[in-house]
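Counting from 5, one number per residue, gives the positions in the sequence shown under this note's numbering.
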Amino acid sequence: METRRLEGGLAAGSAVALVATMYGALLWAPRESTMGDIQRIFYVHVPSAWTAFLAFFFVFLGGVAYLFTKNLKWDRIALACAEIGTIFCTIVLITGPIWAKPVWGIWWTWDARLTSTLLLWLMYVSYLLLRDFLDEPARRATLSAVFGIFAFVDVPIVYFSIRLWRTQHPQPVLGGGEGSGLDPAMLKVLLLSWGAFSILFVFLAILRVRLEKSRDEVQQLRRALMMQG
5 METRRLEGGL AAGSAVALVA TMYGALLWAP RESTMGDIQR IFYVHVPSAW TAFLAFFFVF
65 LGGVAYLFTK NLKWDRIALA CAEIGTIFCT IVLITGPIWA KPVWGIWWTW DARLTSTLLL
125 WLMYVSYLLL RDFLDEPARR ATLSAVFGIF AFVDVPIVYF SIRLWRTQHP QPVLGGGEGS
185 GLDPAMLKVL LLSWGAFSIL FVFLAILRVR LEKSRDEVQQ LRRALMMQG
């Protein structure tokens with residue numbers, strides 16, 4: 005009952021926050037003076053990237069915890085977060101070119117930030133494919149944990165790429181140095197959007213972990229019946 009109540013609260017909270025984000029991004033936040041209205045995709049693009057990083061961090065933590073405890077609970081958490089993180093990373097890779105085309109005049113350029121983000125997406129897609137090829141639960145969990153830990157190395161590379169290499173990508177809106185700050189209203193909408201996406205991430209992760217646990221229980225029951233038969 006408590007879990008259902010938590011899920012209901014998270015669902016309602018994420019829905020309200022997402023509606024508020026849409027209002028703030030489309031109507032309340034001021035129009036950016038240089039890029040115009042296309043800049044409003046920023047309120048989806050940037051929080052999606054942050055949420056993907058958060059999800060992949062939990063894949064890393066789940067992998068480490070599984071290797072130390074051998075408890076499949078952590079493997080289920082890692083799987084759920086990898087799936088959700090990959091979805092948010094996909095949103096980043098879709099919204100980025102949509103934003104880039106009117107501003108840069110091209111859909112894509114192979115600079116450090118874009119290339120490392122694409123590599124990040126490919127690694128977590130590979131993580132999910134690896135799991136599909138492995139049937140034995142313990143072996144699948146162990147290899148996935150190692151791969152998930154390795155893949156997370158690319159997250160700080162993506163984040164620091166625009167500081168380490170020359171890139172067309174804009175500087176960070178927070179902590180990016182002189183001239184990188186945001187209008188206060190824009191910053192409020194950005195943080196609201198990230199809060200909404202984070203609540204949605206937690207809600208989806210709880211649902212996905214519960215679904216995977218039920219699937220594991222069904223598979224264990226099926227194996228037990230086959231052994232008896």
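Ideal Cβ positions, reconstructed from N, Cα and C, are used throughout, including at glycine.
From a predicted model like this one, the values you see are computed outputs, not experimental measurements.
The residues Phe46, Tyr47, Val50, Pro51, Val177 and Leu186, in chain order, have a CB closer than 8 Å to that of Leu194 in the same chain once the five nearest residues on each side in sequence are set aside. Beta-bridge analysis with DSSP links Gly40 to Glu36. Residue environment: Leu14 is assigned as buried (16 or more neighbouring CB atoms within 10 Å of its CB, all protein chains considered). Proximity to Lys74 across Leu83, Ala145 and Val150 peaks at Ala145, based on C-alpha coordinates.
Going by DSSP, Val50 is part of the alpha helix (DSSP H) stretching over Phe46 to Thr73.
Taking 7 Å as the cut-off, the Cβ atoms of Cys93 and Trp125 count as close. Annotated three-state conformation of Asp139 is coil, per DSSP. For Thr25, the CB contacts under 6 Å within the same chain, skipping 5 residues up- and downstream, are Leu196, Ser197 and Ala200 in chain order. Assigned with DSSP and collapsed to three states, Gly109 falls in coil, not helix or strand. Across the set Thr99, Ala142, Arg167 and Phe60, the C-alpha of Phe60 shows the shortest separation from the C-alpha of Val157.
Taking all protein chains shown into account, Gln43 has 16 or more neighbouring C-beta atoms within 10 Å of its C-beta and is therefore buried. Taking 7 Å as the cut-off, the beta carbon of Ile153 is found closer than this to the beta carbon of Phe64. Its chain contains Gly67, Asp79, Ala82, Leu83, Tyr131, Leu134, Arg135 and Leu138 as the residues whose beta carbon lies nearer than 8 Å to that of Ser148, once the 5 sequence neighbours on both sides are disregarded; these appear in chain order. Taking each of Met127, Arg167, Phe164 and Trp114 in turn and checking the Cα distance to Val150, the smallest one comes out for Met127. Under the 10 Å beta carbon count, Met190 is surrounded by 16 or more other beta carbons and is classified as buried.
For Tyr27, the number of other beta carbons within 10 angstroms of its own is below 16, and it is reported as exposed. Membership of Asp220 in the alpha helix (DSSP H) is indicated by the continuous run Pro188 to Gln232. For Gly17, the CB contacts under 7 Å within the same chain, skipping 5 residues up- and downstream, are Ile203 in chain order. Its Cα nearest to that of Val107, the residue Thr38 stands out among Ala53, Thr38 and Trp32.
Buried is the label assigned to Ile166, since at least 16 other Cβ atoms lie within 10 Å of its Cβ. Taking the C-beta atoms as reference points, Phe205 is found nearer than 7 Å to Thr55. Counting other Cβ atoms within 10 Å of its Cβ, Ile88 reaches 16 or more and is therefore classed as buried.
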